[in-house]
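Residue numbers (the working numbering), protein chains in the order written: chain A, 134 to 910; chain B, 459 to 610. Structure, as structure tokens:
This is the structure in structure tokens:
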């Protein structure tokens, strides 16, 4: 209706005529191909130019700036060597092997050592320690009676030296790339030449892409009837790895070609080569991707790249074609045949002589274990380092800035703990087949004086990046809580080790008509016992009675005073360790006891350097005196009696020296604990099941043996005798009595020594004894 | 008369023991005290010590003169790790802390050193003197006075 096209209403004789004439004109005119072509070309050139500008910006931005994200490298403590240091030849040998030192004749190059019995000659590598770089040194170390007797360098006595620390892991970004950055001049010239001749022999002639190379590859491929050779130049390979994805498409290939040309326009061949040598992917170590020849050299051959021989160089160069396919560990035959091809190319181009080729070809492929100490990681300890580092550094900086973190980990001790735990759990599971594969463990070892964490075990598979029981498992600590009750009593001034406690059945009112009636483990009551016996035999009834007597709040407060950061509920069950804590938490509290009352945060780091070697942070000993040293030594004496004649007396047969210890077993034997310290180290060991089910084990049977084996290989140093104490005889009523009377001698702080002593069988009202001064005057 | 003779003998013996103890302190304190300059330690590397400690003290002293306090503490902490219970190492840590304007840390090191210092020894007195200074700088005058009394 009204929506008819308006055209139809228009006069038909005018407009169509005009239209016709325009169309005709257009038809008569030839299509302006040239004009459109010109326009298209202009637009195309414009688009191409914009694209090229964009590509150029991409290339320059990435290449001019920092090329890689560099994960923080984490190192163990360096091994200090000085005359008088306690050290077995076995330990020194192990640390050298872990540090990728090779044993041989008299060493003439860094990285080698010579051993003759207890005499070592070590050609130490140069290393940038956190407090300064040190050059290579050839040291002669003489050990006698498990102590370093002398250190000589060019026949001069050396007071102090150290070995470079072991690499123990990295703090990686999500892609987990790791590399050891080297400058071009650090790579052996033979390696660079072999790489160029094998991968891109026209590298120094082309401008990013090589038509000759493509042509040659096509010929080879045609002859072979398949793709056996790529035509990509080293520059193209670098562009592919560095800027692009691994997707295979023509667009990507074109982009790669242009970017290669741009790269060559802006940067020298040397810069491109150096980047390639550091970028190329050469293998995988668990979560860690091995990039660059520098790291690959250490990873496969345990050597810095300068120390590689011809055969090893050819093996690594051969891997560029396919790091997995030619992996010398997994596919040694393939790797060897590829290596021999590379050796042939090297000889063909006079990089090596024919005799060198023959010699290298006769060698078998000898790689080192990927799991060896020098390349494996220590996940549990690394987690602690990462947590503590994040108090001072942003995670993004830790993952990207190439920081070097020097830690307190003692590899010898760590290996001792790992081995002891693994062997003992296997033994337990053989004895108790129902526990097969179900037992787990965790351990923390610190130095008693400095609170440095020396070993940390997060589970029975120490290389597994999984649940870290040492830091995160929250388990009832059982009788490890008891010393805090006894400390509270000793501090009160009303109790001493000879005080009498009742171990009769006890009932604690919980309010609301509820009663708590804890029992001893053996369900036997022991009547009156000394406070010392209560601790050494770990009597529950006596301890609960004492704890309620000294005050629940005071006991709970002592947990916090000694280093526990969370507040405990004021339940009576805390007296028997119904407190879920991690082994690390337990170590924090016992550290205060072991260090004479100083509360010290457990520390996993010594120092942090930036990528250039500047010292960013150093972490020394920190602490504050919270409990008097004398009270702590008094408590320590009680803990020493636990090994003397208490629940940890099994230790005495193996180590007949004063050691402070406490066993712990939680309700229904769900957790087995052991704490022990000597003059140098504190160790906490936990054994239990992840599903928190009961086990047929105790602290003394499950955790103590792990502690024992670890400390035996470390070497135990007996606790120094406590100072500032006198000895007084106490009878079975808990009264101070004369020396001639029946009773036991107990230590008392000198300022608490009684002025009056009871006579035998009598109480308090004894005649005052004359002192020797009375006799003299 | 007999009593007088016994008393005299005892006093002589006590004197001998006293002398012996002082010698023993010098032997067992691992690092005899550095010399003092107007009542203060002049340098970290003074005095005799285990050669390993001397080498660290020398580095620490160089760093101190360059006011590189982080390095000072890292060298002294290495010395502490070699002899963790040496009162003289802890004394140096306390002294350096005070110089680095950290009296709270100096107080803790001094207290720590006092645990291992022989009773009545020279190092104990100097540790008390340092403790007094560090307490004074924290405004804890009464405690400082008490420590100072023990220093003399």
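Ideal placement from N, C-alpha and C gives every residue a C-beta, glycine not left out.
Burial state of residue 856 (chain A) is exposed, judged by a 10 Å Cβ sphere holding fewer than 16 other Cβ atoms. Residue pairing by DSSP places residue 649 (chain A) opposite A:641 in a beta bridge. Scanning chain A for C-beta atoms nearer than 8 Å to the C-beta of residue 533 (chain B) yields 264, reported in chain order.
Within the stretch 727-743 of chain A, the residues whose Cβ lies closer than 8 Å to some Cβ of chain B are 729, 731, 739, 740, listed in chain order.
The DSSP-derived three-state label of residue 405 (chain A) is helix.
Those residues of the stretch 707-728 of chain A placed with their C-beta closer than 7 Å to a C-beta in chain B do not exist. From the beta-carbon of residue 283 (chain A), no residue of chain B is found nearer than 9 Å; the closest lies around 11 Å away. Using a 10 angstroms sphere on the CB of residue 499 (chain A), the tally of other CB atoms stays under 16, which defines it as exposed. The C-beta distance from residue 518 (chain A) to residue 538 (chain A) rounds to 6 Å, short enough to meet the 8 Å contact threshold. Counting only runs of at least 3 residues, the stretch 171-251 of chain A fully encloses the following beta strand (DSSP E) elements, listed from N- to C-terminal order: 205-208, 245-249.
Contact between residue 216 (chain A) and residue 251 (chain A) is ruled out by a C-beta separation of about 14 Å, above the 8 Å threshold. Residue state for residue 383 (chain A) is assigned as helix, using DSSP reduced to three classes.
For a cut-off of 8 Å, the C-beta gap from residue 192 (chain A) to residue 395 (chain A) is around 5 Å, short enough to register as a contact.
Taken through DSSP and simplified to helix, strand or coil, residue 828 (chain A) comes out as coil. Taking 8 Å as the Cβ-Cβ cut-off, the stretch 541-554 of chain A has no residue approaching chain B.
For the 7 Å CB-CB criterion, residue 327 (chain A) and residue 479 (chain A) form a contact. Going by beta carbons, residue 888 (chain A) and residue 611 (chain A) fall outside the 7 Å limit. Among the CB atoms of chain A, none fall inside 7 Å of the CB of residue 596 (chain B). Here residue 601 (chain A) carries a coil assignment [DSSP, helix/strand/coil]. Closer than 7 Å to the CB of residue 573 (chain A) there is not a single CB belonging to chain B. Among the residues facing chain B, residue 694 (chain A) is not included, as its CB has no counterpart in that chain under 7 Å away. Put simply, of A:178, A:646, A:371 the residue whose alpha carbon is nearest the alpha carbon of residue 405 (chain A) is A:371. Under a criterion of Cβ atoms nearer than 8 Å, no residue of chain B is adjacent to residue 828 (chain A); the nearest Cβ is some 37 Å distant. Annotation for residue 594 (chain B): 602 place their beta carbon closer than 6 Å to its own, counting only its chain and skipping 5 residues before and after. Nearest to residue 739 (chain A) by C-alpha distance, out of A:279, A:263, A:168, is A:263. Between residue 768 (chain A) and residue 732 (chain A) a beta carbon distance of about 15 Å is seen, past the 8 Å cut, so the two are scored as non-contacting.
At least one CB atom of chain B sits nearer than 7 Å to the CB of residue 582 (chain A).
With a cutoff of 7 Å on beta-carbon distance, residue 807 (chain A) and residue 786 (chain A) are scored as not near each other. Under the 7 Å criterion on CB atoms, residue 748 (chain A) is classed as interfacial with respect to chain B. By the neighbour-count definition (other C-beta atoms within 10 Å, threshold 16), residue 524 (chain A) is an exposed residue. At a cut-off of 7 Å between beta-carbon atoms, residue 507 (chain B) makes no contact with chain A. Nearest C-alpha to residue 555 (chain B) among B:609, B:534, B:508: B:534. Excluding residues up to 5 positions away in sequence, 228, 295, 296 lie with their Cβ nearer than 7 Å to the Cβ of residue 212 (chain A) in the same chain. In this structure, DSSP gives residue 616 (chain A) a helical state, which the three-state scheme calls helix.
Contact between the stretch 580-590 of chain A and the stretch 809-824 of chain A is present, with at least three C-beta pairs closer than 8 Å. For residue 791 (chain A), the three-state secondary structure derived from DSSP is coil.
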